[in-house]
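Working notes for the structure below.
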Amino acid sequence: MPATSRLTIAILATGIAVTAPAAFAADYPERPVRILVSFPPGGSSDLVARLLAEKLSGELGQQFVVENKPGAAGTVAATELKNAANDGYTLMLSNLTPFSVAPTRFPDTPYDPIEDFTHIAYIGAVHLGMFASPELGTPDMAAFTEKASAEPGVLDFGSSGVGSWGHVFAVAFTSEADVELSHIPYKGSGPMRLDFRAGVIPVIFDAVPQNLPNVEEGNAIPLAVSATERLATLPDTPTFVELGYDIVAENWLGISAPAGIDAKITGTLQEALATALQSDDVVRQFDSWGIVRSDMSSEAFADYVAASAESWAPLVRQASE
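Adding 4 to a residue's 1-based position in the sequence shown gives its number in the numbering used here.
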């Protein structure tokens, strides 16, 4: 059984450049700002982007508008960001898929996840959970792996798409657990969750926050979470590490822009984001969603994206086989 390296996963976004004149930077923003999201409405990235857009609109006096640009493992949104003017009017809130997974999954990805973007600010991290339908009759991981081992390839699992962090993490889990599951990829987390709730698929690998209502209502059993320690939102659910699987995943969020954005614009956004992230309502909402907040400089953020892409590459290649 192949060993799986401990993972740390990341989220962010960014793009390329045409130098913005300093005169415009000093008055930024003077018109509405777009925030691209690489998933359909309803996912973790979408919810966070809409919350931050509301706060930034209040802080900076211009409308920040979320635009959902799903498709091709997030590369549609990331490519649009790369090709946008570097004037601060196109930003992105993304996850690791376009920047840590896609460049390995799709060798012809038309951007470099580091060189073509400016990583402005780290927002926080979302952890992944493995959720089973109560109808499956597996109240814990031991029962699940026993059932999966007895029926190799029979049990389906859902992810938000081929090459998504749920898909790649599931490959890591099946490798560590020595079980065979059949992958059902969806076009986004929203449709997957609807099918899961309806009993169409028995297992999903998905972000914890948006599955908490199903857990609370008894419509999902959390078998394990991908954090290094138990989450406050699911205190009775063990981590994969606790269960003997050496896999940790953290889908972190950030605000990014095309490469070469003026430092004054970057500073304006960083200051406004810092204020927004410290506000009581954002802290409260992030806590309820299970989003882990942490301070990280833009330099450290960029380094982390590069490191995460390197650590995910072997698993992405395995998931692509």
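Positions of the beta carbon are idealized from the N, C-alpha and C atoms, including for glycine.
Source: prediction; values computed, not measured.
For this session: Under the assumption that residue 323 contacts residue 175 (Cβ atoms under 8 Å), give the Cβ distance between them as a whole number of angstroms.
Result: The beta-carbon distance between residue 323 and residue 175, rounded to whole angstroms, is 4 Å. This is short enough to meet the 8 Å contact definition.
Exercise. Since residue 165 is in the beta strand (DSSP E), which residue starts that stretch and which ends it?
Worked result: For residue 165, no beta strand (DSSP E) run applies, since DSSP gives it neither H nor E.
Problem set entry | Per-residue burial, residue 69 [other beta carbons within 10 Å of its own, 16 or more giving buried] | With fewer than 16 other Cβ atoms from the protein chains shown falling within 10 Å of its own Cβ, residue 69 counts as exposed.
Problem set entry | N- and C-terminal bounds of the alpha helix (DSSP H) containing residue 295 | In this chain, residue 295 is not harboured by any alpha helix (DSSP H), its DSSP state being neither H nor E.
For this session: Would you list, in sequence order, the uninterrupted beta strand (DSSP E) runs of no fewer than 3 residues that lie entirely inside the stretch 164 to 240?
Result: Within the stretch 164 to 240, the runs of beta strand (DSSP E) that reach at least 3 residues and sit entirely inside it are, in chain order, 186 to 189, 207 to 211 and 225 to 229.
Problem set entry | residue 239 classed as buried or exposed, judged by whether at least 16 other C-beta atoms fall within 10 angstroms | The residue is exposed, with fewer than 16 neighbouring Cβ atoms inside 10 Å.
Exercise. Hey, quick one: how far does the alpha helix (DSSP H) through residue 262 stretch, first residue to last?
Worked result: Where residue 262 is concerned, there is no enclosing alpha helix (DSSP H), although the beta strand (DSSP E) it sits in stretches over 254 to 262.
Problem set entry | Residue(s) in a DSSP beta bridge with residue 134 | Paired residue(s): 209 and 228.
Exercise. Run through DSSP, which three-state label would residue 71 get?
Worked result: The answer is strand: DSSP assigns residue 71 an E or B state.
Problem set entry | Separation of residue 67 from residue 188, as counted between CA atoms | In a straight line, the C-alpha of residue 188 is about 38 Å away from that of residue 67.
Exercise. Closest by CA to residue 49, which one among 314, 213 and 312?
Worked result: Considering only alpha carbons, the answer is 213.
For this session: Please name the residue or residues paired with residue 121 in a DSSP beta bridge.
Result: For residue 121, the pairing in a beta bridge is given by DSSP as 262.
Exercise. So what does residue 126 bridge to, in DSSP terms?
Worked result: The secondary-structure analysis by DSSP pairs residue 126 across a beta bridge with 258.
For this session: Kindly confirm or deny that the stretch 184 to 203 and the stretch 164 to 173 touch, where touching means at least three C-beta pairs closer than 8 Å.
Result: Yes, they touch.
Problem set entry | Strand pairing of residue 2, partner residues [DSSP] | This structure leaves residue 2 out entirely; the chain is present only between 5 and 325.
Exercise. Would you say residue 92 faces chain B, with C-beta separation under 8 Å as the test?
Worked result: No chain B appears in this structure, which consists of one protein chain only.
Exercise. Which one of 145, 41, 63 and 46 has the shortest CA to CA distance from residue 273?
Worked result: Residue 63 is the option with its Cα nearest to residue 273.
Exercise. Using the C-alpha atoms, what's the distance from residue 135 back to residue 122?
Worked result: Rounded to whole angstroms, residue 122 to residue 135 spans 35 Å at the Cα level.
Exercise. For residue 142, which of helix, strand or coil comes out of DSSP?
Worked result: Residue 142 falls in the coil class under three-state DSSP.
Problem set entry | Beta-carbon gap between residue 186 and residue 160 smaller than 8 Å | In contact: residue 186 and residue 160 (Cβ atoms closer than 8 Å).
Problem set entry | Range of the contiguous alpha helix (DSSP H) that encloses residue 155 | Annotation: residue 155 is outside any alpha helix (DSSP H) and is labelled neither H nor E by DSSP.
Problem set entry | Three-state class that DSSP yields for residue 113 in the structure shown | Residue 113 sits in coil when the DSSP states are folded into three classes, being neither helix nor strand.
Exercise. Between which two residues does the alpha helix (DSSP H) containing residue 324 stretch?
Worked result: Residue 324 -> alpha helix (DSSP H) spans 302 to 324.
For this session: Would you give the residue range spanned by the alpha helix (DSSP H) that residue 99 belongs to?
Result: Neither: residue 99 is in no alpha helix (DSSP H) and is coded neither H nor E.
Problem set entry | Limits of the alpha helix (DSSP H) - the one that residue 31 falls within | In this chain, residue 31 is not harboured by any alpha helix (DSSP H), its DSSP state being neither H nor E.
Exercise. Who are residue 279's beta bridge partners in DSSP?
Worked result: DSSP output for residue 279 lists no bridge partner at all.
Exercise. Can residue 156 and residue 184 be called in contact, C-beta distance under 8 Å?
Worked result: Cβ distance < 8 Å, so residue 156 and residue 184 count as in contact.
Exercise. Measuring CA to CA, which of 38, 30 and 233 is closest to residue 259?
Worked result: Considering only 38, 30 and 233, the residue with the shortest C-alpha distance to residue 259 is 38.
Exercise. What separation, rounded to the nearest whole angstrom, lies between the Cα atoms of residue 56 and residue 296?
Worked result: Each residue's alpha carbon lies about 15 Å from the other.
Problem set entry | Simplified DSSP assignment, three categories, for residue 284 | Of the three classes helix, strand and coil, the one that applies to residue 284 here is helix, per DSSP.
For this session: Examine the Cβ distances between the stretch 102 to 111 and the stretch 270 to 290 and report whether three or more of them are shorter than 8 Å.
Result: These segments do not touch.
Exercise. By Cβ distance below 7 Å, which residues in the same chain neighbour residue 114 in space, the five residues on each side in sequence not counted?
Worked result: Exclusion of the five residues before and after residue 114 leaves 83 as the residues of its chain whose Cβ lies within less than 7 Å of its Cβ.
Problem set entry | Buried/exposed call for residue 153, threshold 16 Cβ in 10 Å | It is exposed - the Cβ of residue 153 has fewer than 16 other Cβ atoms within 10 Å.
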